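Numbering (our numbering), first residue to last: -16 to 333.
From the three backbone atoms N, C-alpha and C, an ideal C-beta is built for every residue, glycine too.
For clarity, every value in this text was computed on a predicted model and none was experimentally measured.
As structure tokens, the structure follows; a few thoughts come after it.
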């Protein structure tokens, strides 16, 4: 089969496919908490922007287990974990099993991450973190992941971030919920560094780009076979293009009409290869007057080569072969493609 084609019919426009992409941080935002259904993987409860999700995976940065929760459950002072390394920096978990009263923690477990050993970092340092905090639920064999969705900026003036209201004590201490099993409970953290992008992909639409008109003269038309013929490639924008047609017709126009298609080909060297927007006037030239047969089409051309957009009936065969009309002269026809708008993609600084 020849290159893939989209036929526009006689005057209908091409289908349009839009592909967008962006690099972004994804935070799961399904919530679980008091009154949840234990048989469900997810449960939802909103609280001042804090989101919670029960998940199977253990936290990737740190897990601290307290074997003997009842010994310390009434204590006000925090438990500080050993120093651990994550994302190239040193950290420590800070756990208030009876809530941090200075951070609206009454009636809650409070959990924080503190950055440690920062003396060797350069002056004015800052580290942006996507922080998730965790409570293990051994009864469900899952971890409750808790986040408020905000990127945390650790710096010399603010080395500790976390949640004063990680999970309510009423939920945590409820044996039916399953967070405490045999007087043992576990907490954790996941630290992902957010490094702002320094470059962006910029798509620009260029109207009437240089060298945007391509003319293709086909000789000995009456002797052409029943197959697709293709022009030489021509460069407009960052991409090569070519015209193609079957002299015996194509699709629903066969055998009574002449088709014409514009195909996107490869890219010039060092070009950024993405979908390419192409808006084109396709013409069958009248060789005796300015009464050309013309079709406008606009479409996203995919990255792969040999994707064509065009029409199955730029002209009826009976009109083409009527020599008085001026489209077939000396057994030759002339196609023309005028690309009136094309997209060009570049990688530029943000």
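| Asked | Found |
| --- | --- |
| Report the residue from 78, 247, 262, 240 whose alpha carbon sits nearest the alpha carbon of residue 303. | 240 |
| Looking at C-alpha atoms only, which residue of 48, 333, 219, 181 is the closest neighbour of residue 320? | 219 |
| Under a Cβ-count criterion, where at least 16 other Cβ atoms within 10 Å of its own Cβ denotes burial, should residue 128 be classed as buried or exposed? | buried |
| Identify the continuous beta strand (DSSP E) that holds residue 130 and give its terminal residues. | 125 to 130 |
| Give the DSSP bridge partners of residue 182, in chain order. | 332 |
| For residue 125, which residues in the same chain have their Cβ closer than 7 Å to its Cβ, ignoring the five residues on either side in sequence? | 37, 38, 39 |
| Using a threshold of 7 Å, state whether the C-beta atoms of residue 313 and residue 283 are closer than that. | no |
| Where does the unbroken beta strand (DSSP E) through residue 311 begin, and where does it stop? | It is not in any beta strand (DSSP E) - residue 311 carries neither H nor E in the DSSP assignment. |
| Enumerate in chain order the residues of its own chain whose CB-to-CB distance from residue 185 is below 8 Å, with the five nearest sequence positions on each side excluded. | 328, 329, 330, 331 |
| Where residue 26 and residue 183 are concerned, what is the direct C-alpha to C-alpha distance, given to the nearest angstrom? | Residue placement at residue 26 is flagged as unreliable, the pLDDT there being 35, under the threshold of 50; a coordinate-derived value is accordingly withheld. |
| I need the DSSP call for residue 113, collapsed to helix, strand or coil. | strand |
| With burial defined as no fewer than 16 other Cβ atoms inside 10 Å of the residue's Cβ, what is the status of residue 245: buried or exposed? | buried |
| Taking C-alpha atoms, which residue in 251, 290, 55, 318 lies nearest to residue 276? | 318 |
| Assign residue 106 to one of three DSSP states: helix, strand, or coil. | coil |
| Can you tell me where the alpha helix (DSSP H) holding residue 152 begins and where it ends? | 152 to 155 |
| Excluding the 5 residues flanking residue 272 on each side, which residues of the same chain have their C-beta closer than 8 Å to its C-beta? | 309 |
| Go ahead and pull the three-state DSSP assignment for residue 162. | coil |
| Please classify residue 120 as buried or exposed, where buried requires at least 16 neighbouring CB atoms within 10 angstroms. | buried |
| Taking the beta carbon of residue 280 as the centre, do at least 16 other beta carbons fall within 10 Å, making it buried, or is it exposed? | buried |
| What are the residues that DSSP puts in a beta bridge with residue 170? | 47, 118 |
| Between residue 63 and residue 181, what straight-line distance do the alpha-carbon atoms span, to the nearest angstrom? | 36 Å |
| According to DSSP, residue 286 sits in a beta bridge with which residue or residues? | Beta-bridge pairing links residue 286 to no other residue. |
| To the nearest angstrom, how far is it from the Cα of residue 172 to the Cα of residue 333? | 31 Å |
| Considering Cα atoms alone, identify which of 169, 224, 111, 43 is closest to residue 132. | 111 |
| In the structure shown, what three-state DSSP assignment does residue 273 receive? | coil |
| Starting from residue 96, trace the beta strand (DSSP E) in both directions and tell me its first and last residue. | 91 to 99 |
| Name the two residues that bound the continuous alpha helix (DSSP H) containing residue 54. | 52 to 55 |
| Work out the CA separation of residue 255 and residue 100 for me, nearest whole Å. | 42 Å |
| If we count the other Cβ atoms within 10 Å of its Cβ and call it buried at 16 or more, is residue 418 buried or exposed? | Residue 418 is absent from the structure shown; the chain starts at -16 and stops at 333. |
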